[in-house]
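For the protein sequence lines, the chains are P and F, in the order given.
All residue numbers for the first sequence refer to our numbering, where the first residue is 26 and numbers rise by one.
All residue numbers for the second sequence refer to our numbering, where the first residue is 983 and numbers rise by one.
Report on one structure; see the data block that follows.
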Amino acid sequence: MISPYDWQQSVAQRAQYIESRLRGGSPIVALAIEAGTLLYTYRRHVRKVYEVYDCLMFSAMGQQADVENLRLTAVDFAHQEGFSRSEADVTIGRVVGFSLSNPMKRAFGDITSAPFVVLALFAEMNHLPAEDLFFTLHYDGDFEMSKNFAAAAGTKQAEERMEAILKEKYSSSMTLEAAQELADEVWRIGADVDNNGEPDPALIENARPECGFLDRSSDNQRKFRLLK
Amino acid sequence: MAHQSFAELVGFPTCLGTPPKGTPDTHGTTVLALKYDGGILNLGDRRATAANYVMYDRADKVLPLDDYTLVAISGSFARSIEIVRYLKHAFKYYARTQLQELSLEGKLQEVTRALAGNLPMTMEGIGVFVPLISARDNNTGRFGIYFYDAMGARFESGEFGAAGSGSERIRGVFDYITRTKGLFETRTLEDVLVDGLIMLDIAAQLDAATGGFDRILPSACILNADGVHDVAADMLVSAARQAVRSDQLEHGGGAPAGGGVGK
């Protein structure tokens, strides 16, 4: 028999386990500028930034299989919605809130199944940078929305340091190049997990930047492209 | 195991069910695909009809499926739009789940599958969909025009393609033009555009289900190495003026043509 105490203990242990796994994850920076919307991180062998739908993309840290699971669930949901209703009805809030958050919450609370070891950042491009939306989705299914910019990192402290720089230097009118430079600077701060002045070598060695970009002015059917 | 297809994901084409017999359906068209020296030009008249009733004069029958593929639709408007929506989503669903672009062969095959799935509607005579596909092969950079029969058989057309009720009347004219003026793919866009509009105008005269462009300009789209674009409005207007003028207006429109008594 599992007592409520056992359940609480095991959930706390799960949270601790997941957080220790995420601690070594490559941070993600999101920016909304006039040219478009960016998601910036560093990668090694596998791709890190993915297109979800016409104006949606995401990047995540954590276990690759869990990221892949999340990605396919989001892509399936978005395309089903887009086809059976319309492209305009596919919104990031519904993808995250209705298709992803629930199964993650369920997996986290069910101590007989494996939880999602993942921290994801979703971006939605709209007509203006001020209308762009970012959703940070946590391993327990909780999510929060932000505008203009967003950051996700292995620890809460690193995330706060990243947000402080973003608050100071972000402007929606910056050029794409300047935005990438800022994103790189912020990424390095987030990758400095122990706050000793330089990125954790485990994160930066043999890694290269990857920037997913949704082009606001593009007439193409496909607005998404990888910049690096 | 292969990842599920988009058709499985959304249960296409059976999800719509079969409409009751005798449902009024919107039809009739002329759409053209012509090569030019930089890619492929697509033209479509804008009339949508149901029997002898003109439903709509601003229908868009030239639609992008993705940045390398254009479709010009003819047949049942409702069915066509739905299949185009399906194909668009099937292509991008594949690209996003598999993290690579669907090959040209894969795209053309998907059109075949959609047509085969639509066969019951075609047999009832109420849901015919006849697509004309213009595509760029990303591996080779080559442009191709493809047409289909109702069962899904695919054919590649060398220089031009035409579909819809009005296309039968003008098919021979294409051959005449290539024989007298040279291959379409060696000529400029401006040049091919005027010939295309003349043919569309002729089709509109000979086929009641094809709209002319005395009031509303036809749809005109190009597929080139950069992707899919609308033909610039001023270029289209000036080509349309040229096409109509060289055809009839300033040469005594209304006088009987050959075989008439004259004055």
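Just so it is clear, CB atoms sit at the ideal spot from N, CA and C, and this is done for glycine as well.
These numbers come from a predicted model, not from an experiment.
{"Query": "According to DSSP, is F/P1113 part of a helix, a strand, or is it coil?", "Result": "strand"}
{"Query": "Taking 8 Å as the threshold (beta carbon to beta carbon), is P/G61 in contact with chain F?", "Result": "no"}
{"Query": "Would you give the residue range spanned by the beta strand (DSSP E) that F/F1125 belongs to?", "Result": "F1125 to Y1130"}
{"Query": "Just checking: is the beta-carbon of F/V1213 within a distance shorter than 8 Å of some beta-carbon in chain P?", "Result": "no"}
{"Query": "Answer with yes or no whether the minimum CB distance from F/V992 to chain P is below 8 Å.", "Result": "yes"}
{"Query": "Identify every residue that forms a DSSP beta bridge with F/I1159.", "Result": "DSSP, once it has assigned bridges, lists no residue as partnering F/I1159."}
{"Query": "Please confirm whether F/P1001 has its beta-carbon closer than 8 Å to some beta-carbon of chain P.", "Result": "For F/P1001, the predicted model reports a pLDDT of 49, less than 50, meaning its position is unreliable; a value from the coordinates is still stated below. Cβ-Cβ to chain P under 8 Å: no for F/P1001."}
{"Query": "Report the rounded CA-to-CA distance for P/V218 versus P/I27, giving the unit in angstroms.", "Result": "37 Å"}
{"Query": "Just the C-alpha distance for P/D165 and P/P140, rounded to the nearest angstrom, thanks.", "Result": "8 Å"}
{"Query": "Do P/A204 and P/L56 have their C-beta atoms closer together than 8 Å?", "Result": "yes"}
{"Query": "Exposed or buried, what is F/M1133 when buried is set at 16 or more other beta-carbons lying within 10 Å of its beta-carbon?", "Result": "exposed"}
{"Query": "Fully enclosed by the stretch 104 to 147 of chain P, which alpha helix (DSSP H) runs are 4 residues long or longer?", "Result": "126 to 134"}
{"Query": "The alpha helix (DSSP H) with P/P224 in it runs from where to where?", "Result": "Taken as a continuous stretch (DSSP letters only), P/P224 belongs to no alpha helix (DSSP H), as it is neither H nor E."}
{"Query": "Under the rule that 16 or more other beta-carbon atoms within 10 Å means buried, what is F/L1081, buried or exposed?", "Result": "exposed"}
{"Query": "With three or more C-beta pairs closer than 8 Å as the rule, is the stretch 1109 to 1121 of chain F touching the stretch 1060 to 1075 of chain F?", "Result": "yes"}
{"Query": "Go through its chain and collect everything with a Cβ distance to F/V1243's Cβ below 6 Å, but skip five positions before and after it.", "Result": "Below a pLDDT of 50, predicted positions are generally treated as unreliable, and F/V1243, at 40, falls in that range; no measurement from the model is reported."}
{"Query": "From P/E223 to P/N231, what does the alpha carbon distance come to, in whole angstroms?", "Result": "16 Å"}
{"Query": "Between which two residues does the beta strand (DSSP E) holding P/G87 run?", "Result": "L81 to G87"}
{"Query": "Please report the distance separating the alpha-carbon of F/A1185 from that of F/Y1128.", "Result": "21 Å"}
{"Query": "Going by C-alpha to C-alpha distance, which of P/P154, P/D240 and P/R110 sits closest to F/V992?", "Result": "P/R110"}
{"Query": "Which residue's Cα is closest to the Cα of F/F1059: F/T1170, F/D1027 and F/G1088?", "Result": "F/D1027"}
{"Query": "Along the chain, where does the beta strand (DSSP E) that runs through P/K192 open and close?", "Result": "Counting along the chain, P/K192 falls outside any beta strand (DSSP E), though it belongs to the alpha helix (DSSP H) covering K181 to K194."}
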